[in-house]
Ligand SMILES: [Zn+2]
């Protein structure tokens, strides 16, 4: 009798999903990928011990790290309290790694006088990225924010004098100064600021921890707190901050996790 109960307990409450994908995510995920999934109403969902926010109709957003391991695991608790584990294979992405040695120290570490400013900048950006609103803009399809040539890929990183610098947190789209940048999704503007590294910068919240970043703008055409629709003008391409030429640095985040914007765009340029 006891054995039967144990068996029921095992199969009844914890199942490793094979064929059935209760999250409505692709069967194979990708490093740096952004996904919108859907679960049955009243499901609780956990990823990396974090409870994931679920909309009334079951939608949720999730993002994988640029260097995510081979497998990710989600834990679902359905409306009956039954716990189900779902595992997904993660496809590796190839990134360019550039080693540069023999650089003068000040090229590797920013000068003392700007370190305080960089710290303040990063606190502002962090605060904007942690906004956890109930907007559902993230469930719609992205459009390109600007017409141009991709000049820098997500995840590329440099190792300067043996010190690994953080990977490129977005994609660079080169375009002439003054080229219009539009919102790839609707949202609310949560940051407009002139930052040391990224110059004139804008952050837009799209709900459920999904935000996008626009850097090195020449002109900014939005204000903090402003609601914008998909395709609305945000600003123009520039080279403000630390930029070698006019381009849009475009970032996509899921809370603190930087994601690969190239994976969410329609393949062809507008
Ligand atoms: Zn960039």
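Numbering (the working numbering), first residue to last: 7 to 276.
Every residue gets a Cβ at the ideal spot worked out from N, C-alpha and C, and that includes glycine.
Using a threshold of 7 angstroms, state whether the C-beta atoms of residue i and residue j are closer than that.
i           : j           : result
residue 262 : residue 202 : no
residue 97  : residue 36  : yes
residue 150 : residue 215 : no
residue 135 : residue 217 : yes
residue 82  : residue 51  : yes
residue 139 : residue 63  : no
residue 53  : residue 265 : no
residue 199 : residue 130 : yes
residue 195 : residue 232 : yes
residue 107 : residue 167 : yes
residue 78  : residue 34  : no
Please indicate yes or no: does the CB of residue i lie closer than 6 angstroms to some heavy atom of ligand 1?
i           : result
residue 69  : no
residue 178 : yes
residue 158 : yes
residue 163 : no
residue 255 : yes
Return the Cβ separation of residue i and residue j in integer angstroms, given the expectation that the two are a contact with Cβ distance under 8 angstroms.
i           : j           : result
residue 193 : residue 222 : At roughly 20 angstroms, the Cβ-Cβ gap does not stay under 8 angstroms, so residue 193 and residue 222 are not in contact.
residue 157 : residue 180 : 4 angstroms
residue 241 : residue 228 : 7 angstroms
residue 243 : residue 254 : 5 angstroms
residue 256 : residue 272 : Not a contact, Cβ separation roughly 14 angstroms.
residue 99  : residue 38  : 6 angstroms
residue 176 : residue 226 : About 17 angstroms separates the two Cβ atoms, so there is no contact after all.
residue 148 : residue 91  : Wrong, their Cβ atoms sit about 30 angstroms apart, outside the cutoff.
Any heavy atom of ligand 3 closer than 6 angstroms to the beta-carbon of residue i?
i           : result
residue 219 : With respect to ligand 3, the structure shown offers nothing to examine, as its ligands consist of ligand 1.
Any contact of the stretch 78-87 with the stretch 132-148, i.e. 3+ C-beta pairs under 8 angstroms?
no
Counting Cβ pairs closer than 8 angstroms, one from the stretch 45-58 and one from the stretch 232-242, do we hit at least three?
no
Could you tell me whether the stretch 182-199 touches the stretch 156-168, where touching means 3 or more Cβ pairs closer than 8 angstroms?
no
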